[in-house]
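Participant:
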Amino acid sequence: MSRLRPMDRPSRRELDQLTEEMRPDLESLFQRHGISQADAERLLREALLRLSYQWGRIRNRSWWLLDTIDKAAGELRNPATEELDDE
Amino acid sequence: MSERTSNDEHGQAIDHAARKAGDREEALSGEIDEAAALVGELLARPGAERQILIQEVRFHGLKICQLLLERSEALWCDDAGAAVEVARLAVEVSGRLDARWYGKGLVEDTQAMAWAVLGNSCRVASDLRSAEEALDRAEAHLERSGGEAYTEAEILSFRASLRSSQGRFREAVKLLDRALRIYRSARDRHFEGKTMVQKGLYFGYDGQFERAVRSLRQGLSRIEAMDDPRLLISAHHNLAGFLNDSGEHDQALETLRKARRLYADLGEPSHRARLSWLEGRITRDLGRLEEAEAALKAARDFFVEHEIGLDAALVLLDLATVYAQRGDTAELKRLSAGMVPIFASRDLHPEALAAVALFQKAAEAEQVDRSLLDRIVAELRRTPPVKGATAP
Numbered sequence: 185m186s187r188l189r190p191m192d193r194p195s196r197r198e199l200d201q202l203t204e205e206m207r208p209d210l211e212s213l214f215q216r217h218g219i220s221q222a223d224a225e226r227l228l229r230e231a232l233l234r235l236s237y238q239w240g241r242i243r244n245r246s247w248w249l250l251d252t253i254d255k256a257a258g259e260l261r262n263p264a265t266e267e268l269d270d271e
Numbered sequence: 018m019s020e021r022t023s024n025d026e027h028g029q030a031i032d033h034a035a036r037k038a039g040d041r042e043e044a045l046s047g048e049i050d051e052a053a054a055l056v057g058e059l060l061a062r063p064g065a066e067r068q069i070l071i072q073e074v075r076f077h078g079l080k081i082c083q084l085l086l087e088r089s090e091a092l093w094c095d096d097a098g099a100a101v102e103v104a105r106l107a108v109e110v111s112g113r114l115d116a117r118w119y120g121k122g123l124v125e126d127t128q129a130m131a132w133a134v135l136g137n138s139c140r141v142a143s144d145l146r147s148a149e150e151a152l153d154r155a156e157a158h159l160e161r162s163g164g165e166a167y168t169e170a171e172i173l174s175f176r177a178s179l180r181s182s183q184g185r186f187r188e189a190v191k192l193l194d195r196a197l198r199i200y201r202s203a204r205d206r207h208f209e210g211k212t213m214v215q216k217g218l219y220f221g222y223d224g225q226f227e228r229a230v231r232s233l234r235q236g237l238s239r240i241e242a243m244d245d246p247r248l249l250i251s252a253h254h255n256l257a258g259f260l261n262d263s264g265e266h267d268q269a270l271e272t273l274r275k276a277r278r279l280y281a282d283l284g285e286p287s288h289r290a291r292l293s294w295l296e297g298r299i300t301r302d303l304g305r306l307e308e309a310e311a312a313l314k315a316a317r318d319f320f321v322e323h324e325i326g327l328d329a330a331l332v333l334l335d336l337a338t339v340y341a342q343r344g345d346t347a348e349l350k351r352l353s354a355g356m357v358p359i360f361a362s363r364d365l366h367p368e369a370l371a372a373v374a375l376f377q378k379a380a381e382a383e384q385v386d387r388s389l390l391d392r393i394v395a396e397l398r399r400t401p402p403v404k405g406a407t408a409p
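In order, the protein sequence lines correspond to chains D and F. Position one of the first sequence corresponds to residue 185 (this note's numbering), numbered consecutively onward. Position one of the second sequence corresponds to residue 18 (this note's numbering), numbered consecutively onward.
#1: Looking at T272 (chain F): is its Cβ nearer than 9 angstroms to the Cβ of R301 (chain F)?
#2: Taking the Cβ atom as the reference point for each residue, do I250 (chain F) and G297 (chain F) lie within a distance shorter than 9 angstroms?
#3: Should F208 (chain F) be flagged as near chain D, meaning a C-beta pair shorter than 9 angstroms?
#4: Between which two residues does the alpha helix (DSSP H) holding I69 (chain F) run?
#5: Closer than 7 angstroms by beta-carbon distance: list the chain F residues that pair up with E259 (chain D), in chain order.
#6: At the level of alpha carbons, what is the spacing between P367 (chain F) and D318 (chain F)?
#7: Quick check on the DSSP output: the alpha helix (DSSP H) that includes F320 (chain F) runs from which residue to which?
#8: Suppose the cutoff is 6 angstroms on Cβ atoms and the five residues either side in sequence are ignored; what does the same chain contact list for G405 (chain F) look like?
#9: Hey, could you find the ends of the alpha helix (DSSP H) D245 (chain F) is sitting in?
#10: Using a Cβ cut-off of 9 angstroms (strictly closer), state whether E205 (chain D) contacts chain F.
#11: Which one of F:E58, F:E160 and F:E87 has the shortest CA to CA distance from P263 (chain D)?
#12: Could you have a look at W132 (chain F) and say whether DSSP puts it in helix, strand or coil?
#13: Quick one: what's got a C-beta closer than 6 angstroms to F214 (chain D)'s C-beta in the same chain, skipping five residues either side?
#14: With a CB to CB cut of under 6 angstroms and the five nearest residues on each side skipped, what residues in its chain are close to A316 (chain F)?
#15: Does K37 (chain F) come within less than 9 angstroms of chain D when only Cβ atoms are used?
#16: Step through the CB atoms of chain F and report whether any lies within less than 9 angstroms of the CB of P190 (chain D).
#17: Against chain F, which members of the region 223-235 of chain D pass a CB distance test of less than 9 angstroms?
#18: At which residues does the alpha helix (DSSP H) containing L200 (chain D) begin and terminate?
#19: Name the two residues that bound the continuous alpha helix (DSSP H) containing R6 (chain F).
#20: Could you check the C-alpha separation between D200 (chain D) and E66 (chain F) for me, to the nearest Å?
#21: With a threshold of 8 angstroms on Cβ separation, who are the neighbours of G258 (chain D) within its own chain once the five nearest residues in sequence on each side are excluded?
#22: Please go through the same chain and pick out, in chain order, the residues whose beta-carbon is closer than 6 angstroms to the beta-carbon of R113 (chain F), but skip the five residues on each side of it.
#23: Decide if I393 (chain F) is buried, meaning its Cβ has at least 16 other Cβ atoms within 10 Å, or exposed.
#24: Rounded to the nearest angstrom, how far is the Cβ of V110 (chain F) from that of I71 (chain F), given a contact under 8 angstroms?
#25: Which same chain residues end up closer than 8 angstroms to R62 (chain F) when comparing Cβ atoms and leaving out the 5 residues on each side of it in sequence?
#26: From this set, D:S220, D:R187 and D:S195, which residue's C-alpha is nearest D25 (chain F)'s C-alpha?
#27: Tell me the rounded alpha-carbon separation between P190 (chain D) and A252 (chain F).
#28: With a CB to CB cut of under 8 angstroms and the five nearest residues on each side skipped, what residues in its chain are close to M206 (chain D)?
#29: Look at L228 (chain D) and L210 (chain D) and say whether their C-beta atoms are less than 9 angstroms apart.
#30: Grouping DSSP H, G and I as helix and E and B as strand, with all else coil, what is D302 (chain F)?
#31: Taking only beta carbons into account, state which residues of the region 24-53 of chain F come closer than 7 angstroms to chain D, listed in chain order.
#32: From this set, D:S195, D:L260 and D:A256, which residue's C-alpha is nearest A44 (chain F)'s C-alpha?
#33: What's the gap between the Cα of D126 (chain F) and the Cα of H158 (chain F)?
#34: Is any non-hydrogen atom of the ligand COA found closer than 8 angstroms to the C-beta of M356 (chain F), if you look at the structure I gave you?
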């Protein structure tokens, strides 16, 4: 069976359920990184979209969601050096 | 500002994001249905027409790209050239995705995956230089994506396969250790197991049979059988092979006996031919030469019929070891003479042909012994993989 499973997709209920389960961890992650409300919404929205399109491939979705947002939040606080050089 | 953002405000952000992500669900469903039809239309055309067709905007969808990647993967075992061609189409599509619709991160993830699959397809097709270049491109996209964990692990695994094809087994194992760390963080036992099976294979190729056996056993205890029956067969097969190589012939035969049902239920004809081959090698090493001869002849017939040159050569050399063990120089000469027409028309690498010629010369001079045959087999195994040649 392909690892990619491109035909798999989440239902709205599955996405809601995942977000609800992860809510305390997400809040604490946003708090820890000092992320604004607007950035928090954007980071989570982007991560959920990425996850939806790769639903069948990513098996531990709650871990993946936290890992992906954690990396993106870290990048937001400490943008890559090359971006600083451009300024 | 950020320090004062409260949990309530983050809670609202979570609600809004979840609602918006849910709103895309319908569009995603539509995209999946449409993509299946479009990929069918695309792949029904000959190669040159596909290149023209793929320029049309209706083919620039992410699900189309993923379906092409899935198709490319499915071709790895049977037609590596076609796998490369389809993966190139996926790369082309991935470079034309609309970042405003999908978001930059998702587009970069997809590009990384497309280049990674192309890289592995090139490796399977024995184009190791293109494989390296494609995997470099995959890594560059991965970095720009923010480092999506599963794609990172996939790229590491493909790079490890490439290092193995280059004979750089220890580097391959190190790369797999990095992939393992990711899967362990994700508590993904199946992929952890799959990676351990791959690691076991490289330990075995490197001659570290005991570590190979340990890693394969650990991997087998973790993989979910129904998720990947091919992997399951391949893992059992390699476990039996390395047990045999480490001198545990009885255990090897027992492992193979237990896996026989798997081969029958889940395996393809090529798997069953490889089962006969391994059975022949194990029974030979147990001194059961008649059984070995019968099993090796069955495997030989399959590889010769399907023109899988390198494997046919290796099976014939294993058969030669049976005759050598029996001291049957007449059979050895007959086998050697029979190899000429088989290999003259097959696509064998020059190194492989040279090894076969060395055997023929020794057979004519009645100077074949087990150590010479082992050396020739080792030489043949070092030759680059030929199209369609696959584990187990």
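From the three backbone atoms N, C-alpha and C, an ideal C-beta is built for every residue, glycine too. Since we're looking at a predicted model, the values are computed, not measured.
Facilitator: Checking against the coordinates, here is how it stands:
#1: no
#2: No, the Cβ-Cβ distance between I250 (chain F) and G297 (chain F) is not below 9 angstroms.
#3: Under the 9 angstroms criterion on CB atoms, F208 (chain F) is classed as interfacial with respect to chain D.
#4: G64 to L70
#5: G163
#6: 23 angstroms
#7: If you look at F320 (chain F), you'll find it in the alpha helix (DSSP H) that goes L306 to E322.
#8: Summary for G405 (chain F): the model assigns pLDDT 37, below 50, so the residue's position carries little reliability, and this model does not support an answer.
#9: From DSSP, D245 (chain F) is part of no alpha helix (DSSP H); its letter is neither H nor E.
#10: no
#11: F:E160
#12: helix
#13: A224
#14: Cβ neighbours of A316 (chain F) beyond the five flanking positions: A290, S293, W294 and V332.
#15: yes
#16: In terms of beta-carbon proximity, P190 (chain D) lines the interface with chain F, with at least one pair separated by less than 9 angstroms.
#17: D223, A224, E225, R226, L227, L228, R229, E230, A231, L232, L233, R234 and L235
#18: The amino acid at residue 200 (chain D) is misidentified as Leu; the sequence shows Asp. It spans R196 to H217 - the alpha helix (DSSP H) in which D200 (chain D) sits, taken as one unbroken run.
#19: Beyond the ends of chain F as shown, which are 18 and 409, falls residue 6 (chain F); an answer cannot be given.
#20: D200 (chain D) and E66 (chain F) have their alpha carbons spaced roughly 43 angstroms apart.
#21: Closer than 8 angstroms at Cβ, skipping near neighbours: H217.
#22: Here the set comprises H77.
#23: Label assigned to I393 (chain F): buried.
#24: 7 angstroms
#25: L70
#26: D:S220
#27: Near 26 angstroms, if we compare the C-alpha coordinates of A252 (chain F) and P190 (chain D).
#28: S246, L249 and L250
#29: A Cβ-Cβ contact shorter than 9 angstroms links L228 (chain D) with L210 (chain D).
#30: helix
#31: N24, E26, H27, G28, Q29, A30, I31, H33, A34, A35, K37, A38, G39, R41, E42, L45, S46 and I49
#32: It is D:S195.
#33: 7 angstroms
#34: The model on display carries no ligand, and the ligand COA is accordingly not part of it.
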